[in-house]
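Some notes on the structure that comes next.
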């Protein structure tokens, strides 16, 4: 039988994720598998928890990687906290807010959605009014809307919620590792991410963290969590001191995450964030020199996800196909109402390097020239 | 910072999973990450589906790996099919039957359990009587009870269910790749496994397959699947022809599974199964020469999971600790009512080699000598 793995080409991953993976992380993935209860593996797990806490800026004990992708992190965040009938407010301005709505609805929450135009951020005063009118169990928002390239005001909404009874749930799948997230300072109660964006590890794990207040809600549930696999009361017994077997942890993926976090902490998170900002500036400048326009207003742009308007008369899909086939570069297309209208260019983690921007610019110049 | 990954020792994995990983699979894990919608990656996905079907002996279109561990496969099997109030029968004789009960209960099923003594198989006549008394929506059983080393009569129960309206759900987490599973011939409607047992790939994925009959039940649900992440109607749109983005597939883990399946198919499943049986015989003989007794009667023993009674006066934990620290071998302890009473010795996939049995025997001889 032909082995397709033998002919995998190296593609420059400049889409909305997965991002480029550093060689150290590939090496980590192929380290010898240990048992999920092996004493040395337990040491690695302990260090992993500490590193996730550091990058999330939280002291929360319940901080661990869920054995699934970023979307499993979202599912875990909601399924552990929602009981049927719970009022939930979602501040929505893109695909991942829509997904939150879908996840929460299926769990029987009474969901209200406050929607803002896609490509613009959640607007503070409008959100404040809505929040003031009712006591929500959960108020949820996406920090970095991967579908539009918009940065939402996570710290500011957190300030509004100081002292409130609501739980503040934030999706930082695309943000974590590429921009600041201060879970404790910003009053965030539930935070989740994914490995395949700015953490520069292949997809497969979802770091999550729950505050004491979120833990209280979890402990005071009237019903069991309707999902055994993602039940954090059980998972935390494995990741905590008791080491009670729950499921077999994805050992090699956890090696990969360990190495990926170590690289970020060694470079220094502040330096990593400014690298993202600088490379983002270089990209925007290059795109503008080509006559291309950004979807999002300058002040609300994410550094790691750049939504670029497709010029009139250009077939967006054929540009992406040519980038992939001729130049070995992947970029993303638009989703939902933005399908066909934008390209999404990722500068996540290990992808955020000047030579990658240069390579993309040369390719785009070649493809778009009249 | 110290990098703990630098000091990972190679441990001979002879526990209840994870099992030893062949070098080709480690290499596959560290191949260059492709995008989850990359055309070449889609080819790999297509081949993966074909290989899973071959090893499960099924023609089911809906056959794919779930992005989570074996337990996520169990959760996916139940959550897609159970609606509140559905009558479910679980034929139980170990930890993983208990887990099925827990998962199904949380989803609101009306679960009945028919329990058999742990260490013995599901008994056909008793099961037949129970099944004849009521129309169950789902009848569920574990093929290879990892907690006791017992093989359950999967084909025989399947015969009983021929023509019935019930869905037959089988857990083959520990069986698949180490013993025969004939999904279609045995009338199985839902089958799931995990990568870290006889498939010899690190933990992290759960191959699943749904029959047409199971798909019908899924399509005729009155309520949406109460789990967005594991909703097979959505996941199948990504793994099918439409390629609709659902979540970012765990690309590198899928490379690992691809390579692991390829190795089994190249060796030939029949040869792989007889290798398991032979190595199992060698292990049992060796254990008996040391004066040790097997928990399970000969005819019901699994080849890949061997439950061994701890001799009186021996502290089971200290034996395992010494095996791990002095001889770099991992074996497992008992779970539930068997905790402290048995060791569980895995001979799964790449672990099932004569030299591993020899190494364990020498170590045990040394440790157990008076």
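Protein chains in written order, with my numbering: chain Z, -3 to 366; chain V, -3 to 366.
Virtual Cβ for every residue (Gly too), placed ideally from N, Cα, C.
Assignment of beta-bridge partners to residue 203 of chain Z by DSSP yields Z/61.
Sequence-distant Cβ neighbours of residue 133 of chain Z in its own chain, meaning closer than 7 Å and more than five residues away, are 82, 83, 84, 162, 163.
Within chain V, 7, 326 have C-beta atoms less than 7 Å from the C-beta of residue 34 of chain Z, given in sequence order. Near chain Z, meaning a CB-to-CB distance below 7 Å, no residue of the segment 161 to 174 of chain V qualifies. With respect to chain V, the C-beta atom of residue 340 of chain Z has no partner C-beta closer than 7 Å. Runs of beta strand (DSSP E) with 3 or more residues, each lying fully within the segment 271 to 313 of chain Z, are found at 301 to 305, listed in chain order. For residue 159 of chain Z, there is no enclosing beta strand (DSSP E), since its DSSP letter is neither H nor E. For residue 114 of chain V, none of the residues of chain Z pass the 9 Å Cβ criterion, the least Cβ distance being about 16 Å. Taken in chain order, the whole beta strand (DSSP E) runs of length 3 or more contained in the segment 35 to 96 of chain Z are 59 to 62, 83 to 88. Just measuring C-alpha positions, the residue of Z/317, Z/313, Z/249, Z/156 sitting nearest residue 337 of chain Z is Z/313. For residue 186 of chain Z, DSSP records a beta bridge to Z/165, Z/206. Around residue 90 of chain Z, the same chain offers 114, 141, 143, 144 as residues with beta carbons nearer than 6 Å, after the five sequence neighbours per side are excluded. Contact with chain Z is found for residue 99 of chain V, since one of that chain's Cβ atoms lies less than 7 Å from the residue's Cβ. Chain-ordered, the chain V residues with CB closer than 9 Å to the CB of residue 68 of chain Z read 63, 64, 68, 225, 226, 243. By the neighbour-count criterion, in which a residue is buried when 16 or more other Cβ atoms sit within 10 angstroms of its Cβ, residue 147 of chain V is buried. Taking 8 Å as the cut-off between beta carbons, the residues of the segment 177 to 199 of chain V near chain Z are 190, 192, 198, 199, in sequence order. In chain order, 25, 26, 27, 28, 29, 248 make up the part of chain Z whose C-beta sits under 9 Å from the C-beta of residue 22 of chain V. Among the CB atoms of chain V, none fall inside 7 Å of the CB of residue 90 of chain Z. Under the three-state reduction of DSSP output, residue 339 of chain Z falls in the strand class. Setting aside the 5 residues that flank it on each side, residue 361 of chain Z is surrounded in the same chain by 286, each with a C-beta closer than 7 Å to its C-beta; the list follows chain order. Taking the CA atoms as reference points, residue 181 of chain V sits about 18 Å from residue 47 of chain V.
Closest option to residue 44 of chain Z, judged by alpha-carbon separation, among Z/324, Z/346, Z/193, Z/205: Z/205. Residue 107 of chain V: member of the beta strand (DSSP E) spanning 106 to 111, first to last residue. Taking the beta carbon of residue 255 of chain Z as reference, the chain V residues within 7 Å of it are 1, listed in sequence order.
Rounded to whole angstroms, the Cβ separation of residue 319 of chain V and residue 307 of chain V is 15 Å, and the two are not in contact under 8 Å.
Contact of residue 40 of chain V with chain Z is assigned, a C-beta pair being separated by under 7 Å.
Using a 10 angstroms sphere on the CB of residue 217 of chain Z, the tally of other CB atoms stays under 16, which defines it as exposed.
Of all residues in the segment 280 to 308 of chain V, none is placed with a Cβ closer than 7 Å to any Cβ belonging to chain Z. Taking C-beta atoms as the reference points, residue 169 of chain Z and residue 200 of chain Z fail to come closer than 7 Å. By the Cβ neighbour-count rule, residue 76 of chain Z is buried, with 16 or more other Cβ atoms within 10 Å of its own.
Short of 7 Å from the beta carbon of residue 130 of chain V, and not among the five residues preceding or following it, lie these beta carbons of its own chain, in chain order: 83. In this structure, residue 342 of chain Z and residue 15 of chain Z form a Cβ contact; the two beta carbons are roughly 6 Å apart against a cut-off of 8 Å. Neighbours of residue -3 of chain Z across chain V, judged by C-beta separation under 8 Å: 258, 261, 262. Looking only at Z/363, Z/323, Z/262, Z/356, the smallest Cα-Cα distance to residue 311 of chain Z is reached by Z/363. Residue environment for residue 2 of chain Z: exposed (fewer than 16 other C-beta atoms within 10 angstroms of its C-beta).
If you check the CB distance, residue 7 of chain Z and residue 30 of chain V come in under 7 Å.
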